[in-house]
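Read through the structure below, which is laid out as structure tokens, and then see the notes.
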Amino acid sequence: MQAPMYPPAKVQKVGDKLESLMVKAGATPFSGSGPLENIVKALQTKFQGTQSKAEKISVISIALRGFPQAMVLEIFGPLGATDWMIKTTAKLMLEQGGILPKKLPKLGQPLEQKVIDLVKNYYENESRTLPGKKDYVSVKTENGERLQIQKKMILCNLRELHVSFKENFSSIEISFSKFASLRPLHCVLAGSAGTHSICVCKYHQNVKLMIEAANFKALDANLSTYEDFLAELTCDPPTAQCYTNSCCEKCPGFELLKSRLIDLLNENFIGEVKFNKWSAVDRSTFDTHIKTTDEFVDCLTEQLKELLPHHFIAKQ
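Be aware that the sequence shown starts at 1, since it is given in my numbering, and climbs by one per residue.
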């Protein structure tokens, strides 16, 4: 349903006002309200027929050239114009010197190309190449050609990756939205088509792999999952400070857990543990390790230290 046009009586009032102003200025007024009424109706039709804010501002600017702001609001208010829109148009006309002003976009501080390249390389380094023949994306190059690039799975969610990037490059200011927008097309997230069966979180996965390798579930039912291990390290209930590695003085901490794990393995005559672990240097790899009891517990402790803050961020 179309909004009603401006009432004829109001148009006549506008016309009378304009004629009065023209007489005071020494100009010859219109011979009748017909031409003025047609102009106002044409502006109303144009305003009502467009969804573009830029075009609406242009229409209002034409009206403001002949009518005061209050009168323009009376003309276009029933069609959706607001006092803010009219005042903004008047301000733009003043700044740009006339009708048909353009609302200029706000310009932020652009990132340097070397920072953009650094972010994209960070995505590459924190991703694992998918092995499937169909795991690729088609990317259009600058010369218009299509290039097939193998997909790479990001090993955490974007929020965590952004936090990790800022920790490694603390001197670089970059918002999360900008960081996310720079993700290469072939660096995909968990949940993308064909990726749901792959675990992509190395922090959780490494701890899970080590817990399973030592078979802690059979040794102590209270140490069956990684959540059980985290509960041994934090307060009950845990606070945000508990997850920031030693920031909470009331937490049991790692030393008590290390002693408990070493005793548990020694009591069950376990001298060494063979386990798999994700590692990422130049690229992500899945390696097999064999360590003595003490070395294994030290390694598991280090993995838990990384998991604590990561687990807290992932839950937010």
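Think of the CB as a built atom: it goes at the ideal place given N, C-alpha and C, for glycine as much as any other residue.
Within the chosen definition, does the stretch 296 to 308 reach the stretch 258 to 277 through at least 3 CB pairs nearer than 8 Å?
yes
Taking a contact to mean a Cβ-Cβ separation below 9 Å, would you say Phe254 touches Glu212 in this structure?
For the purposes of this step, residue 254 is taken as the residue at position 254 of the sequence shown. For the purposes of this step, residue 212 is taken as the residue at position 212 of the sequence shown. No, they are not a contact pair.
Would you give the residue range spanned by the alpha helix (DSSP H) that Ile149 belongs to?
The residue given as residue 149 occupies position 149 in the sequence shown. No alpha helix (DSSP H) contains Ile149, which is instead part of the beta strand (DSSP E) from Arg146 to Gln150.
Would you give the residue range spanned by the beta strand (DSSP E) that Ser259 belongs to?
Along the sequence shown, one-based indexing puts residue 259 at 259. Segment Phe254 to Glu267 is the alpha helix (DSSP H) holding Ser259; no beta strand (DSSP E) there.
Is any non-hydrogen atom of the ligand NAD found closer than 8 Å to the C-beta of Leu43, if you look at the structure I gave you?
Absence of the ligand NAD from the depicted structure is noted, as is the absence of any ligand whatsoever, leaving it without description.
Which partner residues of Arg128 appear in the DSSP bridge assignment?
The sequence position of residue 128 within the sequence shown is 128, counting from 1. Beta-bridge pairing links Arg128 to Met153.
Whole angstroms are fine: how far does the CA of Ile116 sit from the CA of Pro110?
Start at 1 with the first residue of the sequence shown, and residue 110 comes out as number 110. Start at 1 with the first residue of the sequence shown, and residue 116 comes out as number 116. Each residue's alpha carbon lies about 10 Å from the other.
Going by the beta-carbon positions, is the gap between Leu79 and Gln113 smaller than 9 Å?
Along the sequence shown, one-based indexing puts residue 79 at 79. Along the sequence shown, one-based indexing puts residue 113 at 113. Not in contact: Leu79 and Gln113 (Cβ atoms no closer than 9 Å).
Can you tell me whether DSSP reads Ser31 as helix, strand or coil?
What you label residue 31 is simply residue 31 of the sequence shown in a count that begins at 1. Low confidence applies to Ser31: its pLDDT is 48, below 50, so where it sits in the model is not reliable enough to give any reading.
Whether or not the stretch 259 to 273 and the stretch 208 to 223 are in contact is what I'm after, with contact meaning three or more pairs of Cβ atoms, one per stretch, closer than 8 Å; do they touch?
In the pairwise beta carbon analysis, the stretch 208 to 223 is classified as touching the stretch 259 to 273: at least three pairs are separated by under 8 Å.
In this structure, what does DSSP give as the bridge partners for Glu272?
Here residue 272 refers to the residue found at position 272 of the sequence shown. BP columns for Glu272 point to Thr292.
At a cut of 8 Å, does the stretch 168 to 178 reach the stretch 137 to 147 through at least three beta carbon pairs?
no
Taking the alpha carbon of Tyr226 as the point to measure from, which residue in Cys235, Gln205, Tyr243 and Thr244 has its own alpha carbon closest?
On the sequence shown, residue 226 is found 226 positions in, with the first residue counted as 1. It is Gln205 whose Cα lies nearest to the Cα of Tyr226.
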